[in-house]
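Student:
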Amino acid sequence: MSHGDTRTELPAPLGLLAELTHRCPLACPYCSNPLALDDRSDELDAATWGRVFREAAAMGVLQVHLSGGEPASRRDLVEIVALARDAGLYTNLITSAIGLDRSRLSRLKDAGLDHVQLSLQDVQAATADHIAGYSGAHRRKLSFAEAVHELGLALTVNAVIHRANIDHVSALVEVAAALGAGRVEIAHAQYYGWALRNRRALMPTRDQVMRAMQEMESIRPRYVGRLVIDMVVPDYYARRPKACVGGWGRRSLNVTPSGRVLPCHAAESIPGLQFWSVLERPLLEIWRRSPAFQAFRGTDWMAEPCRSCEMREIDFGGCRCQAMAITGDPRATDPACELSSHHELIQAIAEQDASGAVEEYVYRGRPTAIPIH
Amino acid sequence: MPDALPERPRLAPGVRLHFDKTREAWVLLGPERVIETEGPASDILSRCDGTRTVSQIVDELAVLYTAEASEIARDVEDMLAELAAKRMLV
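Top to bottom, those sequences are chains E and L. Going left to right, the first sequence walks through residues 116 to 488 as this note's numbering numbers them. Going left to right, the second sequence walks through residues 764 to 853 as this note's numbering numbers them.
1. Using the three-state DSSP reduction, which class does E:S494 fall into: helix, strand or coil?
2. According to DSSP, simplified to helix, strand and coil, what is L:S809?
3. If we define contact as Cβ-Cβ less than 8 angstroms, is E:D444 a contact residue for chain L?
4. Counting only Cβ pairs nearer than 7 angstroms, list the residues of chain E close to L:D783.
5. I believe E:R278 touches E:L317 by the beta-carbon criterion, under 8 angstroms. Please report the beta-carbon distance rounded to the nearest angstrom.
6. E:H180 by DSSP, collapsed to three states: which one?
7. Please list, in chain order, all residues of the same chain as E:H283 whose beta carbon is under 8 angstroms from its beta carbon, the five residues on each side excluded.
8. Taking the alpha carbon of L:A788 as the reference point, which residue from L:V778, L:E801, L:P776 has its own alpha carbon closest?
9. To test your reading of the DSSP string, which unbroken beta strand (DSSP E) runs of 3 or more residues are found completely within the segment 150-223 of chain E?
10. From L:I797 to L:L791, what distance separates their C-alpha atoms?
11. Whole-angstrom Cβ separation of E:A490 and E:R255, contact assumed at under 8 angstroms?
12. Please report how far the alpha carbon of E:V324 lies from the alpha carbon of E:S285, in whole angstroms.
13. To the nearest angstrom, how far is the alpha carbon of E:A349 from that of E:I281?
14. Taking the alpha carbon of E:Y476 as the point to measure from, which residue in E:Y145, E:L129, E:A133 has its own alpha carbon closest?
15. To the nearest angstrom, report how far apart E:S117 and E:E158 are at their CA atoms.
16. So is the beta-carbon of E:L233 under 7 angstroms away from any non-hydrogen atom of the ligand MG?
17. Interface residues of chain L around E:L125 at Cβ under 7 angstroms?
18. Would you verify that the beta carbon of E:R298 is, or is not, closer than 8 angstroms to some beta carbon of chain L?
19. Counting only Cβ pairs nearer than 7 angstroms, list the residues of chain L close to E:G340.
20. Kindly identify the DSSP beta-bridge partner or partners of E:Y249.
21. Under a three-way DSSP split, which group does L:P776 fall into?
22. Please list the residues of the segment 258-286 of chain E that have a C-beta atom closer than 7 angstroms to any C-beta atom in chain L, keeping them in chain order.
23. If you measure between the beta carbons of E:H458 and E:P445, is that distance less than 8 angstroms?
24. If I measure Cβ to Cβ from E:V272 and keep anything under 6 angstroms in the same chain, skipping five residues before and after, which residues do I get?
25. Have a look at E:S258 and E:A418 and give me their C-alpha separation to the nearest angstrom.
26. Between which two residues does the alpha helix (DSSP H) holding E:E333 run?
27. With DSSP run on the structure shown, which of helix, strand or coil describes E:M116?
28. By the 10 Å Cβ neighbour count, where 16 or more other Cβ atoms means buried, how is E:G432 classified, buried or exposed?
29. Just by C-beta distance, which residues in the segment 126-140 of chain E are closer than 8 angstroms to chain L?
30. Just the C-alpha distance for E:L228 and E:L454, rounded to the nearest angstrom, thanks.
31. Taking just the CA atoms, how far does E:A310 sit from E:S147?
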């Protein structure tokens, strides 16, 4: 137990998502970054990240996920990785591969990097590059994966799934295995940030989702012991909500490029929450007392049907940001739950978006929409 | 699943054993995984270095815990097979 804190039974967090920058060469339409991106000039410097990592480790965090944007857009990434390892953290790099050649990757390994998570957009270069909004990206990802494998680093392939690639889920798993990945994430798009903005272009039909889920179950046995397959479920078509971030302010925290500390990466979409910054307070104090972390911690904030639900400490009422996005009330039951009075609404939205004729992505960081071929 | 057991098990790339000072326990850290170890697990895992065979690991554990190798072999093998299926061991 932690530090004789008898005031609460607040558990220590396990994971820290460190968004090193919002800059990214890719422009994926499902990006989880907020619509208002942090400016480069406001980014925390490496020394401040080092302090954040040491404070995180001291309060019980075991793993840091270096993310973005594209973390390799930071020139001081090698130094940042070394600081994370020096703090004793398991260090995971979440990358698009752009900006990481073999020699830089080798220096990251020497700095103590534990694991690399590489995004793939699709199985064919033409469609993958179109989704990423970046010509040549797919080819570079494949050669990056080769370098990861040759250097003996552990690799996870992450594929965000949506209407344009959902019919290729088993092919994506096959590609991940061929690239030498030990783990693959088939992550159905979660509709926050840019993904929410692009929902009408991204939402698959219910039939597509059902087929993809069945396909995944049927191929799973052949990869046991060879490739770990993790799924992020498509919750607009679900009956029960996900236990979003393992419960608000319970297991993980997220630090933005400029140092604001959030309970989850989309938390700024909830109006009225007050976020504290690592530039002003120690991380432990923020974790324990920041108004944003306290807002939906535990179960006291819940209304019915969550309040008396036997699942309330299992799914924690689902996702606050999704409740906000669909119902306008962040205290409402996540509409992905069939007990929500908005459950029919979210399903109707999904079906309507999936059947819509709108086929343009709004690429993040790009001025205009580009038509899909 | 004894056939899933590596001959000389070692922690998979990206997996390491770490002493968690906050929770005062050995944990196995891997990609998006934190596995708390209990009892003799950390003594078994610290011997999974790719040089020892499974039976050597069993013998060393038997000495360490003053038990008969034949009595603990099954438990050790089950634990290793389970972690191999999760690809924490190769």
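C-beta atoms are modelled at their ideal positions from N, C-alpha and C, and glycine is treated no differently.
Tutor: Concretely, from the data shown:
1. This structure leaves residue 494 of chain E out entirely; chain E is present only between 116 and 488.
2. In this structure, L:S809 counts as coil in the three-state DSSP scheme.
3. Proximity of E:D444 to chain L, defined by a Cβ-Cβ separation below 8 angstroms, is not satisfied.
4. Identification of chain E residues near L:D783 by a Cβ-Cβ cut-off of 7 angstroms yields L177, ordered along the chain.
5. Their Cβ separation, rounded to whole angstroms, is 6 angstroms, which keeps E:R278 and E:L317 in contact under 8 angstroms.
6. Looking at E:H180 - three-state DSSP - the assignment turns out to be strand.
7. Within the same chain, E:H283 has close Cβ partners D237, V238.
8. For the residues L:V778, L:E801, L:P776, the minimum Cα distance to L:A788 belongs to L:E801.
9. Here the runs fully enclosed are 178-182, 205-210.
10. The amino acid at residue 797 of chain L is misidentified as Ile; the sequence shows Val. Taking the straight line joining both Cα atoms gives about 6 angstroms.
11. For chain E, the structure presents residues 116 to 488; residue 490 of chain E sits outside this window and is missing.
12. In this structure, the CA atom of E:V324 is about 13 angstroms from the CA atom of E:S285.
13. Per the sequence shown, the amino acid found at residue 349 of chain E is Pro instead of Ala. Taking the straight line joining both Cα atoms gives about 11 angstroms.
14. Of the candidates E:Y145, E:L129, E:A133, the residue whose Cα lies closest to the Cα of E:Y476 is E:Y145.
15. Annotation note: pLDDT 42 at E:S117 (below 50); position unreliable, coordinate value reported separately. Taking the straight line from one Cα to the other gives about 31 angstroms.
16. You won't find the ligand MG in this model; it holds no ligand whatsoever.
17. Residues of chain L whose Cβ lies closer than 7 angstroms to the Cβ of E:L125 do not exist, since the nearest Cβ in that chain is about 12 angstroms away.
18. Contact with chain L is found for E:R298, since one of that chain's Cβ atoms lies less than 8 angstroms from the residue's Cβ.
19. For E:G340, the residues of chain L that pass the 7 angstroms Cβ criterion are A767, A847, A848, R850, in the order they occur in the chain.
20. DSSP output for E:Y249 lists no bridge partner at all.
21. In the three-state DSSP reduction, L:P776 falls in the coil class, being neither helix nor strand.
22. Answer in chain order: G267, L268, A269, T271.
23. Not in contact: E:H458 and E:P445 (Cβ atoms no closer than 8 angstroms).
24. Excluding residues within five positions, the ones whose Cβ falls inside 6 angstroms are L233, L235, A291, A296, V299.
25. C-alpha of E:S258 to C-alpha of E:A418: approximately 51 angstroms in a straight line.
26. The sequence given here has Ser at residue 333 of chain E, not Glu. For E:S333, the enclosing alpha helix (DSSP H) covers residues 321-334.
27. Per-residue confidence for E:M116 stands at a pLDDT of 39, beneath the threshold of 50, marking its modelled position as unreliable; no derived number is given.
28. Counting Cβ neighbours within 10 Å, E:G432 comes out buried, since at least 16 surround it.
29. Here the close residues are A127, L129.
30. Going by the C-alpha atoms only, they are around 44 angstroms apart.
31. Their Cα atoms are separated by approximately 7 angstroms.
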